[in-house]
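Participant: In terms of our numbering, the sequence shown has 81 at position 47, counting the first letter as 1, and numbering is strictly consecutive.
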Amino acid sequence: MCKDNRQNLEFVNIFITSTIKLFLDDTRIRNFTSCFKDKKFLAFFFKRLKKNNTGRYVEHFPYVSLCGPERNFIRCDDLPIVFTKVLKVYNSATKKTEDCFGYAHAEELLMVPFQPDKIYMDIQSGRIYHPAPEKAGGIGLVRSQIAIELSPLFNFEKGEENGPTHIFWENRKYTLDCNWYKDKVPQAVR
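Structure (structure tokens):
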């Protein structure tokens, strides 16, 4: 932890892996025992996550989570939001069960509506993305395990070299929106 006496702010550098493990950036051995696991802490941390517009360390830490006087500067393998589970959630307003995408291994506390038509597969990397909270960049990575489960549901009407055009989700065929992600995908994965 670093301290900036001019503004009495503390700085912590965080690294997020594509398997959505959260580490202090200077952790040498990154494994399950050295990552943050408490769901309430993860929810607290990720609810405050946003693009780094502080003017500090933007080149190396493109995201930040503001926790009181502490500034958690974040870098990651790909994106800070990684979807880790598809959940069935009862919506008391509509009296229907809806699909949601939980993220950051705090699925019951952190989720967005699952939008099958908004799935995007990057043909170069094979990674799959889905809309995420806008303040965190509007796009999140789908965990590899879930991506593997989704892959047989894809339909490639323009050939596999062009990516999927449709997905079959719960007995329905969805046409994939090919535009929502274009201004959200980081340069590294384009």
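All C-beta atoms, glycine included, are put in the ideal place defined by N, C-alpha and C.
Extract the residue ranges of the beta strand (DSSP E) inside the segment 100-159, only unbroken runs of 3 or more that lie entirely within it.
Facilitator: Here the runs fully enclosed are 104-110, 116-125, 130-137 and 145-147.
Participant: Would P114 pass as a contact of Y91 if the rule is Cβ separation under 9 Å?
Facilitator: No, the pair does not count as a contact, with Cβ atoms beyond the cut-off.
Participant: Following the continuous alpha helix (DSSP H) through L83, name the residue where it begins and the one where it ends.
Facilitator: Counting along the chain, L83 falls outside any alpha helix (DSSP H), though it belongs to the beta strand (DSSP E) covering L83 to K85.
Participant: Rounded to whole angstroms, what is the Cα-Cα separation between L100 and N106?
Facilitator: Distance between the alpha carbons of L100 and N106: 6 Å.
Participant: Does the separation of the CB atoms of L144 and K81 fall below 9 Å?
Facilitator: Contact: yes.
Participant: Whose CA, out of L121, Y154, A181 and V123, lies closest to the CA of G172?
Facilitator: Minimum Cα distance to G172 is reached at Y154.
Participant: What span of residues does the beta strand (DSSP E) with L210 cover, start to end?
Facilitator: L210 -> no beta strand (DSSP E), and no H or E assigned at all.
Participant: On the DSSP letters alone, give me the boundaries of the alpha helix (DSSP H) that L187 sits inside.
Facilitator: Note, L187: premise wrong, no alpha helix (DSSP H); not H, not E.
Participant: Might you give, ordered along the chain, the residues of its own chain that have their beta carbon closer than 7 Å to the beta carbon of D217, omitting 5 neighbours on each side?
Facilitator: There are no such residues.
Participant: Verify whether the separation of the beta carbon atoms of N120 and I180 is less than 9 Å.
Facilitator: It is Val, not Asn, that sits at residue 120 in the sequence shown. Against a cut-off of 9 Å, the Cβ pair of I180 and V120 comes out as a contact.
Participant: Using DSSP's beta-bridge definition, name the partner residues of R206.
Facilitator: Its beta-bridge partners are W203.
Participant: Ignore the nearest five residues each way along the sequence and tell me which others in T128's own chain have a CB closer than 7 Å to its CB.
Facilitator: Once the five neighbours on either side are set aside, T128 has no close Cβ partner at all.
Participant: Decide if E141 is buried, meaning its Cβ has at least 16 other Cβ atoms within 10 Å, or exposed.
Facilitator: Buried: at least 16 other Cβ atoms inside 10 Å.
Participant: Between the Cα of F148 and the Cα atoms of D156, W214, K122 and K74, which residue gives the shortest distance?
Facilitator: Residue K122 is the option with its Cα nearest to F148.
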